[in-house]
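Chains as they are written, first to last, in my numbering: chain A, 1 to 294; chain B, 295 to 561. Think of the CB as a built atom: it goes at the ideal place given N, C-alpha and C, for glycine as much as any other residue. Note that this is a predicted model, so its numbers are computed, not measured. Accompanying notes for the structure given below.
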C-alpha cells in the first residue's frame, strides 16, 4: 500500500521513509469551483494538459533510529518541509511508504492551529488536544509549559495581544513538553531572541537525552552543528547526501557557493530553486540566514 | 517517553479531548462577547418558531385547522431547524479549521462531527422544551414517548452523514455550500411542517411524494406523531427512518474518507 502512514509495530522514535514520492499542483486552485471543474474536464477531453504538477519528493529514502538527531538541509524547494510534513502524517505520499514509531510532535509553522480570539492557556489546551493528549495530561504539563514560555500574565490574554516572539515561545513550549518520541521542527527557532533560543536548544537536548528522535529543518548552520549529529542534504526531492553533520555541511556550503559538482538528482526544480541567473548566484534565503548567523 | 500513554492518532477514541475542545470552541466562538452568549442558540430558533406561527397560523389562516396549532408546527419545526442549521454550518467547518488540519495528524472527521454535536445540543435542548409543552397541553403522556430517543438517534445518523459529505465536498468544490444554501429554502416549504400532506392535497401521488420523497418529512412527522398525536409511528416509517439514517451515514462517511486525503494541502 502506498501513501499510508504506518505506526503500528514501529519501535518508538524510529523513522523509515522508503521511496517516498509526492507531487503538488502548482496551479493556484485553493478555490476550486464547479465551473473550473467543468472547464478542466472539457480541456482534458480535448487533450489539453492538466494543471502542472511539481514533484516535491521523488524517491526519498531515510531511515532514522530512535534517539538520533538529524538535520535536513537543502536549497529552497528541495523538499525539506515536505519531508517533515510527510513524517508528521499531515501530507500523504503519492508513492512509497512512511513508518514512524511512537508519538510525533511537529512544530511546522508558527501560527498554525492558534486561535487569536482565545487566550494562551486555551490555546495550550487545544494544542495538547491536537496531539492526542487527554485533559489531565495537558493540565499536568500546563504549568511547565506556561513557565517555559515566560508569558507571565499574558497567558490569560487572547493571542491578539501577543508579539510574534511571544507566539514562538508559546508554540515551542507546547511542542517541547508533549514528551513526544519524535520531534519535528521546521525553521522556527530563529524567531525568538537569543536567550530563548538557547533555552529551546537545552530543552531539545534534554528531550534527546531522554531518548527522543529529533528531525530539524533549518538554514542556520550553527544551530545544526550544535544540535544534530547527522545531516541529510536534499536536492530536487531526492537525498543527495547523508552522513555526519560536519561532512555534509561542507558539501552543502560548497553547493550553495556553486562549486559543487552536479549533484545527483538535480532537475528543473532545483534549477528553479536556485534561480535562473546562473550558478554564481546564491539563493537569497540561504545567504541571509547564514549571514544573520555569522 | 513511550511510557506516557499518549494516544495514537490512528484511533478516534484517543481524541476525545480534541473533540471536547472543538465543541467548546464552536460553542463559544460564535457568540463570544455577546451578552446573551450561549442563550442565542435557543433564542434564535424560538424567535423563528414565533415568526412562522404568526405568519402561517395567524396572518395567512390556512384552510385547514389543527388544535393547538403552535404545538403542531413546533413539533415538526424543531426537526427541520436542526437539519437546516447543521447542513448550513457543515460546509465551512473544515475550511474554518484549516489551520488545525495543517498542524497535526488526527482523524479529520472530528471537525464536522463537532459542528454537528453543537447543533445537536441545541436541538436536544429545544426538543426538551417542545416535548414538555406539547405533552402538557396535548395530554400525550404515554409509553410512545420512549420511542422519541430512537427517532433522535436515527435523525442524528442522517444529519451526521449529510454533514460529513457536505464538509468534504465543499472543501474540494467551493460551490457546494451555496448550493446547499439554495436547496434549503425550497426544501423547507416542501417539508410538511405547517401542514400535513393530507391537508393540502387529495392526490395520492402528490401526497406520497410529500410524505416519502423528502427524507426530512418522515423524521418530522415521526416526532409529531409521538409528541403531538400521542401515537406510535407506523412500521413503514420506522423502516424508512432506519434505512435513511444508515444509508446517509455510510455513504457520507465513505465520501469523507475518499476526499479527506489532501485536506491539509488544499485548504
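Give every residue of the same chain whose Cβ lies closer than 6 Å to the Cβ of residue i, excluding the five residues on either side of it in the sequence, and list them in chain order.
i: residue 260/A; result: With a pLDDT of 49 at residue 260/A, under the threshold of 50, the modelled position of that residue is not reliable, and the figure given next carries that caveat. Here the set comprises 254.
i: residue 435/B; result: 429
i: residue 123/A; result: 114
i: residue 468/B; result: none
Residues in its own chain within less than 8 Å of residue i by CB, not counting five upstream and five downstream?
i: residue 465/B; result: 388, 389, 553, 557, 560, 561
i: residue 550/B; result: 402, 403, 406, 458, 459, 461, 462
i: residue 395/B; result: 388, 402, 405, 557, 558, 561
DSSP puts residue i in a beta bridge; with which residues?
i: residue 53/A; result: 25/A
i: residue 18/A; result: 97/A
i: residue 6/A; result: 99/A
i: residue 158/A; result: 119/A
i: residue 64/A; result: 15/A
i: residue 314/B; result: DSSP, once it has assigned bridges, lists no residue as partnering residue 314/B.
With a threshold of 8 Å between beta carbons, is residue i in contact with chain B?
i: residue 124/A; result: no
i: residue 130/A; result: yes
i: residue 237/A; result: no
i: residue 91/A; result: yes
i: residue 134/A; result: yes
i: residue 108/A; result: yes
i: residue 88/A; result: yes
i: residue 24/A; result: yes
i: residue 117/A; result: yes
Nearest CA to the CA of residue i: which residue from the options?
i: residue 132/A; options: 540/B, 555/B, 315/B; result: 315/B
i: residue 60/A; options: 173/A, 67/A, 81/A; result: 81/A
i: residue 425/B; options: 395/B, 517/B, 402/B, 494/B; result: 517/B
i: residue 219/A; options: 116/A, 22/A, 73/A, 236/A; result: 73/A
i: residue 134/A; options: 178/A, 195/A, 77/A; result: 178/A
i: residue 372/B; options: 416/B, 355/B, 360/B; result: 416/B
i: residue 528/B; options: 476/B, 438/B, 449/B; result: 438/B
i: residue 65/A; options: 12/A, 130/A, 193/A; result: 12/A
i: residue 180/A; options: 194/A, 67/A, 157/A; result: 67/A
i: residue 95/A; options: 124/A, 18/A, 184/A; result: 18/A
i: residue 79/A; options: 238/A, 248/A, 257/A, 252/A; result: 238/A
i: residue 244/A; options: 226/A, 6/A, 200/A, 58/A; result: 226/A
i: residue 488/B; options: 345/B, 353/B, 366/B; result: 366/B
i: residue 201/A; options: 233/A, 148/A, 126/A, 232/A; result: 148/A
i: residue 184/A; options: 55/A, 156/A, 108/A, 168/A; result: 108/A
i: residue 119/A; options: 216/A, 160/A, 139/A; result: 160/A
i: residue 408/B; options: 525/B, 510/B, 313/B, 393/B; result: 313/B
At least one CB of chain A closer than 8 Å to the CB of residue i: is that the case?
i: residue 471/B; result: no
i: residue 556/B; result: yes
i: residue 398/B; result: yes
i: residue 394/B; result: yes
i: residue 304/B; result: The pLDDT assigned to residue 304/B is 45, lower than 50, so where the model puts this residue is not dependable; a value taken from the coordinates is nonetheless given after this. By this cut-off, residue 304/B is an interface position.
i: residue 344/B; result: no
i: residue 311/B; result: yes
i: residue 385/B; result: no
i: residue 308/B; result: yes
i: residue 432/B; result: no
i: residue 446/B; result: no
i: residue 474/B; result: no
i: residue 413/B; result: no
i: residue 564/B; result: Examination of residue 564/B is not possible in this model, given that chain B is present from 295 through 561 alone.
i: residue 323/B; result: yes
i: residue 378/B; result: no
i: residue 497/B; result: no
i: residue 315/B; result: yes
Excluding the 5 residues flanking residue i on each side, which residues of the same chain have their C-beta closer than 7 Å to its C-beta?
i: residue 413/B; result: 376, 379, 380, 383
i: residue 166/A; result: 151, 154
i: residue 541/B; result: none
i: residue 169/A; result: 149, 150, 151, 192, 196
If I follow the unbroken alpha helix (DSSP H) through residue i, where does it start and stop?
i: residue 198/A; result: 194–209
i: residue 12/A; result: It is not in any alpha helix (DSSP H) - residue 12/A carries neither H nor E in the DSSP assignment.
i: residue 226/A; result: 221–227
i: residue 308/B; result: Note, residue 308/B: premise wrong, no alpha helix (DSSP H); not H, not E.
For residue i, is the beta carbon positioned less than 7 Å from some heavy atom of the ligand SAM?
i: residue 436/B; result: Looking for the ligand SAM in the displayed structure turns up nothing, as the structure carries no ligands at all.
Kindly indicate the opening and closing residues of the beta strand (DSSP E) around residue i.
i: residue 244/A; result: 238–244
i: residue 316/A; result: Because chain A is modelled from 1 through 294, residue 316/A falls outside the range shown and cannot be assessed.
i: residue 331/B; result: Segment: none, residue 331/B is in no beta strand (DSSP E) and carries neither H nor E.
i: residue 507/B; result: Residue 507/B -> no beta strand (DSSP E), and no H or E assigned at all.
i: residue 455/B; result: Looking at the DSSP string, residue 455/B is not in any beta strand (DSSP E); the run it does join, the alpha helix (DSSP H), is 442–466.
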